[in-house]
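Here's the structure we're looking at; comments come further down.
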Amino acid sequence: MFPLRDHNPSHRTAFVTWALIAANLGVFAATYPWDGEFGAAWQRLALYPGAVTHGQLLGGLVSHMFLHAGVAHLLGNMLFLWIFGDNLEEALGHFGFALLYLAAGLAAAFAQIAADPSSLVPMVGASGAIAGVMGGYLLLFPRARVDVLFVFVVFFKVLPIPAWLVLGVWFALQLWSGAVADVTGGGVAYWAHAGGFATGLALTLPAWLRRGGAGFWARSGGHPEHAANRYPTRIPLVPRRRR
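So the sequence shown is residues 43 to 285, counted in this note's numbering.
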């Protein structure tokens with residue numbers, strides 16, 4: 043299950059979202075490959091929970107959000123930011139969105155530190171901050187349609203799924219995976235994802251209440267405030283030429 047796009051158009055240019063995408067791409071390009079002086083810079087900017095708990099390398103609380111452990115890691119995170127970021131930025135304003143992103147990223151870092159405070163395994167990635175964007179999106183647009191790619195071995199299908207289901211299932215998986223995973227062994231920072239998501243949802247709560255809270259959902263039905271985009275869900279196949 044992999045989100046591809048949403049049907050929720052934005053009527054304002056998402057300057058902060060695009061700036062964050064550019065910053066992540068730029069930092070990745072500047073620190074890759076991870077050997078020599080580039081590798082040293084990458085390692086210095088990562089987040090080390092064990093160091094932070096001793097008051098060291100505190101800059102990693104912010105800089106880790108702009109580092110990624112590979113092309114797939116980077117592109118996956120940027121896709122999620124592109125899908126959900128523009129609508130939340132329009133709803134919160136550029137400054138409010140930037141604050142939420144940073145706060146969710148910090149909360150994600152502290153959640154992972156709390157899960158394993160002595161760890162010296164470096165944590166990198168924007169996914170904790172982007173999880174905060176996803177939490178805010180869920181609160182404001184729970185029934186916005188999100189096109190999701192399902193792959194069944196050799197078959198694939200794109201289906202429009204309500205955001206509450208896509209994001210709710212994703213959040214539940216982070217909680218379950220965090221509960222059963224060995225946090226000391228590295229891998230995916232599930233508690234960072236969960237902490238960022240919960241923080242983003244909580245920080246979007248005032249904007250939701252200003253719109254009327256449950257009354258806002260009743261008026262909009264949980265759908266976007268703008269008319270939804272319509273996309274074909276069939277993936278065109280290229281016919282083979284006969285020889």
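We put the CB at the ideal spot given by N, CA and C, even for glycine.
Going by C-alpha to C-alpha distance, which of the options sits closest to residue i?
i	options	result
Ser4	Ala153, Leu130, Val208	This structure does not reach residue 4, given that the chain is present from 43 up to 285, and the question cannot be answered.
Thr55	Ala65, Gln85, Pro91, Ala133	Ala133
Phe108	Val225, Ala214, Tyr179, Ala168	Ala168
Trp60	Ile125, Trp218, Leu207	Ile125
Leu245	Ala173, Val222, Gly263, Trp233	Ala173
Val210	Leu243, Phe197, Ala71, Val230	The question names Val, but residue 210 is Gly in the sequence shown. It is Leu243 whose Cα lies nearest to the Cα of Gly210.
Gly68	Asp48, His265, Ala82, Met120	Met120
Val175	Ala151, Leu141, Asp224, Phe198	Leu141
Pro266	Gly220, Leu87, Asp128	Asp128
Val1	Ser219, Gly118, Gly255, Gln85	Any answer about residue 1 is impossible in this case: the structure gives the chain only from 43 up to 285.
Gly112	Val104, Pro91, Phe70	Phe70
Leu215	Tyr232, Asp224, Val225	Tyr232
Val104	Ala269, Asp48, Leu87	Leu87
Check the C-beta distance from residue i over to residue j and give it rounded, since I have them as a contact under 8 Å.
i	j	result
Ile63	Leu123	6 Å
Ala205	Ala186	5 Å
Thr95	Pro159	5 Å
Phe183	Asn50	6 Å
Phe139	Val58	5 Å
Val200	Pro45	With 8 Å as the limit, Val200 and Pro45 do not qualify as a contact, their Cβ atoms being about 10 Å apart.
Ala65	Thr73	Ala65 to Thr73, Cβ: 12 Å. No contact.
Arg261	Gly254	7 Å
Mapping the DSSP letters down to three states, classify residue i as helix, strand or coil.
i	result
Leu191	strand
Met43	coil
Leu109	coil
Leu89	strand
Thr55	coil
His49	coil
Pro266	coil
Asn66	helix
Thr95	coil
Residue j and residue i - do their beta-carbons sit closer together than 9 Å?
i	j	result
Gly102	Leu89	yes
Gly147	Gly257	no
His110	Pro164	no
Met43	Leu217	no
Ala93	Leu162	yes
Ala234	Ala153	yes
Leu180	Leu247	no
Ala150	Gly170	yes
Gly178	Ala249	yes
Ser219	Val230	yes
Which complete beta strand (DSSP E) runs does the segment 151 to 239 hold, if anything under 3 residues is left out? DSSP runs (the beta strand (DSSP E)) wholly in the segment 151 to 239: 187 to 194, 197 to 204.
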